Structures are given as structure tokens and as C-alpha cells.
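Enquirer: Which chain is which? The protein sequence lines are A and B, in order. Counting with this note's numbering, you get residues 614 to 831 for the letters of the first sequence. Counting with this note's numbering, you get residues 66 to 381 for the letters of the second sequence. Ideal placement from N, C-alpha and C gives every residue a C-beta, glycine not left out. Here the structure is a predicted model, which is why all the values come from computation and not from measurement.
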Amino acid sequence: MPLASQFINLLAALLLLIAFAMLSQRRVLTLIKLFAWQGATLATSIVIVAWSTGQPHLYYSATLTVLLKVILIPWILHRLINRLNIRWDVETLINIPTTMLVGIGLVIFAFALATPISQTANAITRSTLGIALASVLLSFLMMIVRRKAIPQVIGFLSMENGLFFAATSATYGMPLVVELGIALDVLVGTFIFGIFFFHIREQFDSLDIRHMEKLKED
Amino acid sequence: MNLSAGIAFQILQSVFVVLAAPLLMGWINQCRAWLQNRSAPSLLLPYYTLIKLFHKDAVIARNASPLFRITPYVLFGCMWLAAGIIPVLATDLPFAPAADIIALVAVFALARVFSALAAMDIGTAFGGLGARREMLIGFLAEPAMLMALFTAAFICGSTQLTTIVDTLAHRQFAIYPGLAFAAVAFLMVLLAENARIPIDNPTTHLELTMVHEAMILEYSARHLALIEWAVAIKLFAYMTLGLALFVPWGIASAGDWNELPLALAALTAKLALAGAGLALIETVFAKLRLFLAPEFLSTAFLLGVLGMLTHFLVQA
Chain A
614 MPLASQFINL LAALLLLIAF AMLSQRRVLT LIKLFAWQGA TLATSIVIVA WSTGQPHLYY
674 SATLTVLLKV ILIPWILHRL INRLNIRWDV ETLINIPTTM LVGIGLVIFA FALATPISQT
734 ANAITRSTLG IALASVLLSF LMMIVRRKAI PQVIGFLSME NGLFFAATSA TYGMPLVVEL
794 GIALDVLVGT FIFGIFFFHI REQFDSLDIR HMEKLKED
Chain B
66 MNLSAGIAFQ ILQSVFVVLA APLLMGWINQ CRAWLQNRSA PSLLLPYYTL IKLFHKDAVI
126 ARNASPLFRI TPYVLFGCMW LAAGIIPVLA TDLPFAPAAD IIALVAVFAL ARVFSALAAM
186 DIGTAFGGLG ARREMLIGFL AEPAMLMALF TAAFICGSTQ LTTIVDTLAH RQFAIYPGLA
246 FAAVAFLMVL LAENARIPID NPTTHLELTM VHEAMILEYS ARHLALIEWA VAIKLFAYMT
306 LGLALFVPWG IASAGDWNEL PLALAALTAK LALAGAGLAL IETVFAKLRL FLAPEFLSTA
366 FLLGVLGMLT HFLVQA
């Protein structure tokens, strides 16, 4: 196996580890830090793919990832939690060891799903498709088991990271126009979520999204 | 390999482990004292403690059953057996085919069951409390340990420790993400199984927080000495097992006397580093609440499983 491919596998494994770390994390600040690390790992793996396959447009998407997901969005989220003054622990619906066991089940499912696909592919990154799929599913799980709005948004953003990684590992990345569009969407999405947070808190005095069920009765 | 040289190697290794284990303990204590800005005790202090304890008269509770008396010998025997199976200095020892990694975990489990039974034998409150806690930790640590070992076993296609270590030591350079996960899982299990700091504090004097120490409160003199010695051998065995699996370079093959000095030097250097690392971990981290131990060990299990799954996916 060439060395570049081994490095990509290592980074993919690291991504999976970060996804699990986010799933088991109780503090909002650490969650944001982990999200930034996930972006950094993703950018590194994109650079290695770009270097080993000679695809210059991937350098742009790596730069975009660093700017957006390692610097800008974590900074916005930091500002948000400072303004909202929330630093307390994140509540989870089910306890953390159980969440992690469910996570292992999801990883097995994703790997089983991806193995037949990667056997027909011949890209340098083919074996990482399963990991990309697994991190998408784990982010989904995080959105499901978290009760507060901010961890759910971080779950959403890290799901986008997973999709990005899947795109790189399956097809060496999407065309630059598409990537720029997605990047803009994510950025705008973060802003809109930020505005939503303020509105939710103004309405319910809390960011617990269980309160939103009351809206049905009006 | 001729048989007599192999047997000589086997005896040499077994005796070496038993004699060197307290030295490793002394080294860890010394490192920890330095890191905590205390003046360090002598490197040989564990030996002096053992000698002191062997010269004392044993006191045994009136209602103690024979189980209580034989447990220290069983513990010492189990750990010595484990030390003979693990390739510490050389692979392919004549004794190695006797047990693979699963049997090795079973040997450790046997020792745990005996120490828990002996702790409950006298009927003191602290003994029963310690035994229950020990079994809780043990039953969570065992699957994590097996998963970490299975990752290495899958990479090498065998559960024989000798074959695994041989394959890993003489392979071409390659990055195994699975093995890295397994190494972290193994480290966490090592800390939990040897009653080190995130799970249990080996130097505690507070009975309510004790796990391992609470089980041996009733022992004295030669029995206590044997148990302390067995604990030292257990830590030594776990550390050399980790070193053999995850940094196996420099290990000799049995019967080859020329490789022995190099293997011995490599082992000493690796153990010195690992001991300092363990002392660092014990200084940096605080002891976890007992109810957080399942979370710690389920993380170890998770890492072990992830290691195995990643190995399958990357090799496919």
C-alpha cells in the first residue's frame, strides 16, 4: 500500500475517533474545539489526496475547509455561546455508554454498506468511504440524542464534514462551484441558527428544544 | 532452535521477570515522586519492603478458611505463569504454545476471582466492598482487553502471542490505524486492571475509596509480601505485553544468545520510558469517581472494537 494511502487511512480513523469523542462529550466548549479539530483533520486528508493524485482544485477546497470550519464557524459559535451565556454541561437523552454502543452498531452498519461499494472502486481513498458514511451517521445520532439546540447544530455541521469527506473519498471531490455553494450554505445556515437561538430563548427562556412541542397547541 | 537452549531461555526469562518486577515498581514510584516535587524513595525500596514482610510473623483471622491462606500462592503462581507465556525477552519460547492470548486473559481472571473470594472470606465490610468493586472493574475491563488483543490477532492471523509478536516485529513499515486504537484501549485497560490512578489509587490510605487495597487489608507478613510481589509482576507482565504487541522491535528469538544483550537493553530502555510515562499519567490525571469507571472502560471497549473494525475496512 502506498504511504499516502496509509496516511489517508490514518486520518480517516482519526475522523471516526473525533466523531465518537463528540458523541461522548458533555461540555459545549470542548464540543466546539473537537469540531474545529475535525475540520483540520478533514483539510489535511484533502491536501494529501490532492498531492498524491495531482488534483489542484482540491487545494482550494482544503483552504476553504480551513478558513470556514477551523476558523470562522468555531469563532461564530464561541461568540454565540458567550452572548447566550451558556457554558453548562450538555444534557443527553440516553446515557453516554449506551450512546457509544449504539454508535458501534452504526459503524458496523456503515462499514457493511460501504464494503461492496469500495471493492468496485479504484480510487486511492476507496477504503475510507465506510468511515465517511459512519461519521455522517454518528453526527445524525448526536443530533438525535442531544436535548439542547447548540449541540444539535454542531452535529449538523459535523455531518456536513462527513459528507465532504465522503465526496473526497468517493470521487476526489465535487466541482469547485458546488463546493463553494455548499460552503456558503453552511455559513448562512450557521448565521440563521444563531438568530434562531436568540428567538428560541426569548420565547421559552431556554434552549431546550422540548419546549417547542408546545407550539402545536396554538 | 535446539530444545535445551530454548528451555534455558525460558527459565532465564521467568526468573528475570520475577526479580525485576519490584525494580520497575521502584522506578515508577521514584518518577512519580520527582514529578510531584517530593524527594524520591530508593529505587530498591520495594525489595526492602518484601524482605521486611517475609521476616515478620503472619497474623490470620480466626475464622479464615484455607482459601484465604492459599490465595497469595495462587496469585503469585498465576502471575509467574503469565510472565512465562508473554514474550518478554524472546519469542518462540518452548513454553509459549501452552497458552494463547485468550488463555492469558483467563489466567489473569483466575487470579482476580481468587483475590475477590479471599477478600470476602473473612467477612469484613471493606473486604466485601473491595471485592465487589474489583469484580465490577474486571468484568468491564476484560472484553476491552480481549478486543484490543483481537485487533493484533487479526492483523497477524493468529492468537498465539509468539506468532503475533514475530509478525509485528519483522514486518515492513506500515501504518496500522487499527493497531493505534488497540494500543490506546490496551493502555486504558492496563491502568484499570493494575489499580492505577484514573480508576484506583495505589497509594491511598482512605478505605472508602480503595478498590484493590481494600481486598488485601487483612493480609500480613509473608502473605502480604507474596501479594505485593504478584501485583508488581502483574504490572510488569502487562507492560511487557503492551511493549511486545505495539513496540516489538529488538526482541530476540529463543536460543539465539547473540541477540540477548540487545533484547535486554531494548527492554530496559522501553520499560524505563513506559514507567516514566505511567508516572506522568498518574500525576496529570485525578482519580475518577467509581461510577465513572464504567464510562472509562466502555471507552476502552469502544476503541478496541473500532480498532478491529478499522482494520477490516482498511484491509478490505
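Based on Cα-Cα distance, which residue from Thr114(B), Val80(B) and Glu199(B) lies nearest to Pro291(B)?
Expert: The question names Pro, yet the displayed sequence has Leu at residue 291(B). The shortest C-alpha separation from Leu291(B) is found at Thr114(B).
Enquirer: Would you call the segment 292-299 of chain B in contact with the segment 204-224 of chain B, where contact means no fewer than 3 C-beta pairs closer than 8 Å?
Expert: No: fewer than three Cβ pairs fall under 8 Å.
Enquirer: Should Ile202(B) go down as buried or exposed, given a rule of 16 or more other Cβ atoms within 10 Å for buried?
Expert: When all chains shown are included, Ile202(B) counts as buried.
Enquirer: Please return the same chain residues whose Cβ sits closer than 6 Å to the Cβ of Cys143(B), not counting the five positions on each side in sequence.
Expert: If we look at Cys143(B) and ignore the five residues flanking it on each side, its Cβ neighbours are Val172, Leu175 and Ala176.
Enquirer: Going along chain B in order, which residues have a C-beta closer than 8 Å to the C-beta of Gly743(A)?
Expert: Per Cβ cutoff of 8 Å: Leu378.
Enquirer: Under a three-way DSSP split, which group does Ala190(B) fall into?
Expert: The answer is helix: DSSP assigns Ala190(B) an H, G or I state.
Enquirer: Taking a Cβ distance cut-off of 7 Å, strictly less, list which residues of the segment 711-722 of chain A are near chain B, in chain order.
Expert: Those would be Met713, Ile717, Val720 and Ile721, in chain order.
Enquirer: Give me the residue from Glu199(B), Ala309(B) and Ala247(B) with the minimum Cα distance to Ala358(B).
Expert: Selected option, being the one with the closest Cα: Glu199(B).
Enquirer: In chain order, what are the residue ranges of uninterrupted alpha helix (DSSP H) at least 4 long that sit wholly in the segment 680-725 of chain A?
Expert: List check, alpha helix (DSSP H) in window: 686-697.
Enquirer: List, in chain order, every chain B residue whose beta-carbon is nearer than 8 Å to that of Leu629(A).
Expert: The answer, in chain order, is Leu371 and Thr375.
Enquirer: Using CA coordinates, which residue listed in Lys335(B), Ala129(B), Ala337(B) and Ala147(B) is at the minimum distance from Leu169(B)?
Expert: When each option's Cα is compared against that of Leu169(B), the closest is Ala147(B).
Enquirer: Enumerate in chain order the residues of its own chain whose CB-to-CB distance from Leu378(B) is below 8 Å, with the five nearest sequence positions on each side excluded.
Expert: Here the set comprises nothing.
Enquirer: Does the structure place the segment 803-812 of chain A close enough to the segment 677-696 of chain A that three or more beta carbon pairs sit under 8 Å?
Expert: With a cut-off of 8 Å, the segment 803-812 of chain A and the segment 677-696 of chain A count as touching, because enough Cβ pairs lie within range.
Enquirer: Would Leu355(B) count as contacting chain A if we go by Cβ distances under 8 Å?
Expert: By this cut-off, Leu355(B) is not an interface position.
Enquirer: Let me know the secondary structure DSSP gives Ser130(B) once reduced to three states.
Expert: Note: Ser130(B) maps to coil in three-state DSSP.
Enquirer: Between Ile686(A) and Val370(B), is the Cβ-Cβ spacing less than 8 Å?
Expert: No. Outside cutoff.
Enquirer: Using a Cβ-Cβ cut-off of 6 Å (strictly less than) and excluding sequence neighbours within five positions of Leu214(B), which residues of its own chain qualify?
Expert: Same-chain partners within the cutoff: Ile166.
Enquirer: Quick one: any contact between the segment 781-790 of chain A and the segment 753-772 of chain A, if contact means 3 or more CB pairs under 8 Å?
Expert: They do not touch, by the three-pair rule.
Enquirer: Rounded to a whole number of angstroms, what is the C-alpha to C-alpha distance between Leu636(A) and Glu773(A)?
Expert: Distance between the alpha carbons of Leu636(A) and Glu773(A): 16 Å.
Enquirer: Which class does Ser771(A) belong to by DSSP, given the choice of helix, strand or coil?
Expert: Reduced to three states, the DSSP call for Ser771(A) is helix.
Enquirer: How far does the alpha helix (DSSP H) with Thr333(B) in it extend, from its first residue to its last?
Expert: Counting along the chain, the alpha helix (DSSP H) containing Thr333(B) begins and ends at Leu325 to Val349.
Enquirer: Could you pull the DSSP bridge partners for Arg759(A) from this structure?
Expert: DSSP output for Arg759(A) lists Thr705(A) as bridge partner(s).
Enquirer: Between Ala196(B) and Met275(B), how many whole angstroms is the CB-CB distance? I'm expecting something under 8 Å.
Expert: Rounded, the Cβ-Cβ distance is 11 Å, inconsistent with contact.
Enquirer: Can you find a C-beta in chain A that's less than 8 Å from the C-beta of Phe160(B)?
Expert: Not closer than 8 Å to any Cβ of chain A, the Cβ of Phe160(B) fails to qualify, so no.
Enquirer: Could you tell me whether the segment 179-197 of chain B touches the segment 225-232 of chain B, where touching means 3 or more Cβ pairs closer than 8 Å?
Expert: Flag = no, the segment 179-197 of chain B and the segment 225-232 of chain B do not touch.
Enquirer: What would DSSP say about Thr657(A), mapped onto helix, strand or coil?
Expert: Correct three-state label for Thr657(A): helix.
Enquirer: With DSSP run on the structure shown, which of helix, strand or coil describes Arg261(B)?
Expert: Coil at Arg261(B), not helix or strand.
Enquirer: For a contact meaning CB atoms closer than 9 Å, what does Glu283(B) contact in chain A?
Expert: Under the 9 Å cutoff, chain A gives no residues; its nearest Cβ is about 34 Å from Glu283(B).
Enquirer: Should Ser731(A) and Ser740(A) be called a contact, given that it needs their Cβ atoms to be closer than 8 Å?
Expert: Taking 8 Å as the Cβ cut-off, Ser731(A) and Ser740(A) qualify as a contacting pair.
Enquirer: When DSSP labels each residue in this structure, what does Ser318(B) get in the three-state scheme?
Expert: Note: Ser318(B) maps to strand in three-state DSSP.
Enquirer: What's the gap between the Cα of Phe81(B) and the Cα of Trp145(B)?
Expert: For Phe81(B) and Trp145(B), the distance between alpha carbons rounds to 11 Å.
Enquirer: Where does Ala176(B) fall in DSSP's three states?
Expert: Correct three-state label for Ala176(B): helix.
Enquirer: Check the Cβ of Glu360(B) against every Cβ in chain A and list those closer than 7 Å, keeping chain order.
Expert: In chain order: Ile709 and Pro710.
Enquirer: Can you pull the chain A residues whose beta carbon is under 7 Å from the beta carbon of Phe215(B), in chain order?
Expert: Correct list: empty, because the minimum Cβ distance to chain A is about 14 Å.
Enquirer: Can you give, in chain order, each stretch of the beta strand (DSSP E) that sits fully within the segment 191-223 of chain B and has at least 3 residues?
Expert: The qualifying runs do not exist here; there are none.
Enquirer: Give the C-beta separation of Ile150(B) and Leu226(B) to the nearest angstrom, bearing in mind that I take them to be a contact with Cβ-Cβ under 8 Å.
Expert: Contact holds; Cβ gap of about 7 Å.
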